[in-house]
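Under the UniProt record's numbering, the first residue of the sequence shown carries the number 1, and numbering increases by one thereafter.
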Amino acid sequence: MRAVGGRAALWVTLALGLACRSRTPESATDAGPTRTPVTQATLPSCEALLPADVREAMLPGFTMKQERACPTCGPLCIFHSASEKDVTVSVTWDCQPHYTQADPHALLAPTLQAGGEEIPALGRAAARRSPAQGMLQVMAWDDDTPCALVVTWLGGEPEQAVDVARAALTATRPELLQPAAPAPPPDAGTP
1 MRAVGGRAAL
11 WVTLALGLAC
21 RSRTPESATD
31 AGPTRTPVTQ
41 ATLPSCEALL
51 PADVREAMLP
61 GFTMKQERAC
71 PTCGPLCIFH
81 SASEKDVTVS
91 VTWDCQPHYT
101 QADPHALLAP
111 TLQAGGEEIP
121 ALGRAAARRS
131 PAQGMLQVMA
141 WDDDTPCALV
151 VTWLGGEPEQ
161 AVDVARAALT
171 ATRPELLQPA
181 APAPPPDAGT
191 P
């Protein structure tokens with residue numbers, strides 16, 4: 001049982017490390033007009049980002065739990081298989097304004113240099129790597145939001161991580177990332 005706990009700790013460390021890796025000023029570019037930045041505080045919950053119908057289609061028979069991610073990342077959605085106890089999947093978001101203007105090759109470079117390989121036709125850019133035996137990580141940048149998604153699959157058939165990334169990218173819509181409008185002030189003229 002200790003090995004399972006060690007694998008889970010490795011998995012969480014790798015998932016958060018990839019999603020929250022340091023960003024250098026050289027990689028930042030002008031993101032165009034000033035917009036409210038997407039931050040962990042403004043990203044919705046796992047329930048909103050991955051509605052029940054999306055979760056059931058991408059991971060049937062899995063249960064989801066939300067955990068706190070790093071300070072600049074979105075929620076960390078962790079899925080456990082009811083039938084395969086050794087299978088764990090996580091999805092997390094890293095939203096940065098400069099992702100919308102960054103060169104796709106520059107986005108992929110760190111993962112490719114770490115032994116990963118590019119995934120064609122998945123979002124704006126995508127790559128995969130296997131940092132440990134039985135684990136697959138997919139990092140994909142969304143076409144229509146300033147977000148990167150990191151999917152980590154541990155155990156079972158990790159190749160399914162690519163399908164999970166595709167479903168999560170499709171579910172990540174710009175309107176979900178807009179901060180909620182403040183409530184209008186009470187009407188002062190009403191008694």
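C-beta: ideal position from N, C-alpha, C; glycine also.
* Asked: Can you tell me the Cα-Cα spacing of S83 and Q101, whole angstroms?
  -> For the purposes of this step, residue 83 is taken as residue 83 along the sequence shown, with counting starting at 1. For the purposes of this step, residue 101 is taken as residue 101 along the sequence shown, with counting starting at 1. Spanning the two alpha carbons is a distance of roughly 42 Å.
* Candidates T88, A140, Q133: which alpha carbon is nearest L108's? -> Residue numbering aside, residue 108 sits at position 108 when the sequence shown is read from its first letter. Checking every option, the nearest Cα to that of L108 belongs to A140.
* Asked: Taking all protein chains shown into account, do 16 or more other C-beta atoms lie within 10 angstroms of the C-beta of G115, making it buried, or fewer, making it exposed?
  -> Here residue 115 corresponds to residue number 115 of the sequence shown, with the count starting at 1. With fewer than 16 Cβ atoms within 10 Å of its Cβ, G115 is classed as exposed.
* Nonlocal neighbours in the same chain, by C-beta distance under 8 Å from Q66, ignoring five residues either side -> As a first step, residue 66 is located in the sequence shown; it is residue number 66 there, counting from the start. S45, C46, E47, P75, L76, C77, I78.
* So does the stretch 53-65 actually touch the stretch 113-127, counting three or more Cβ pairs closer than 8 Å? -> Judged by Cβ distances under 8 Å, the stretch 53-65 makes no contact with the stretch 113-127, as fewer than three pairs qualify.
* To do: Taking A168 and L50 to be in contact with their CB atoms under 8 Å, please state how far apart those CB atoms are, rounded to whole angstroms.
  => In the sequence shown, the residue the question calls residue 168 occupies position 168. In the sequence shown, the residue the question calls residue 50 occupies position 50. With a Cβ gap of about 6 Å, A168 and L50 count as contacting.
* Asked: Name the DSSP bridge partner or partners of V151?
  -> Against the sequence shown, residue 151 aligns to sequence position 151. Partner(s): V91, V138.
* Asked: Taking the alpha carbon of P120 as the point to measure from, which residue in D163, G134, F62 has its own alpha carbon closest?
  -> For the purposes of this step, residue 120 is taken as the residue at position 120 of the sequence shown. Nearest option by C-alpha distance: D163.
* Asked: Tell me, which residues are paired with E118 by DSSP?
  -> What you label residue 118 is simply residue 118 of the sequence shown in a count that begins at 1. Paired residues: A127.
* Exposed or buried, what is A52 when buried is set at 16 or more other beta-carbons lying within 10 Å of its beta-carbon? -> Residue 52 sits at position 52 when you count from the first residue of the sequence shown. Per the 10 Å Cβ criterion, exposed.
* Quick one: what's K85 bridged to in DSSP? -> Taking the first residue of the sequence shown as 1, we reach residue 85 at position 85. Under DSSP, K85 forms no beta bridge with any residue.
* Asked: Bridge partners of Q66, per DSSP?
  -> The residue you call residue 66 lines up with position 66 of the sequence shown. C77, per the DSSP bridge assignment.
* Quick one: using the 10 Å Cβ neighbour count with 16 as the cut-off for buried, is T63 buried or exposed? => The residue given as residue 63 occupies position 63 in the sequence shown. Classification of T63: exposed, given that the 10 Å Cβ count is below 16.
* When V91, S81, Y99, C73 are compared against V151, the one with the closest alpha-carbon -> As a working mapping, residue 151 is identified with position 151 in the sequence shown. Among V91, S81, Y99, C73, the Cα nearest to that of V151 is on V91.
* Using a Cβ-Cβ cut-off of 8 Å (strictly less than) and excluding sequence neighbours within five positions of P104, which residues of its own chain qualify? -> Here the question's residue 104 lines up with position 104 in the sequence shown. Same-chain partners within the cutoff: R124, A125, W141.
* Roughly how many angstroms lie between the CA atoms of R129 and T111, to the nearest whole one? -> Counted from its first residue, the sequence shown places residue 129 at position 129. Counted from its first residue, the sequence shown places residue 111 at position 111. For R129 and T111, the gap between their C-alpha atoms comes out near 7 Å.
* Enumerate in chain order the residues of its own chain whose CB-to-CB distance from G61 is below 8 Å, with the five nearest sequence positions on each side excluded. => Start at 1 with the first residue of the sequence shown, and residue 61 comes out as number 61. Its chain contains S81, A82, S83 as the residues whose beta carbon lies nearer than 8 Å to that of G61, once the 5 sequence neighbours on both sides are disregarded; these appear in chain order.
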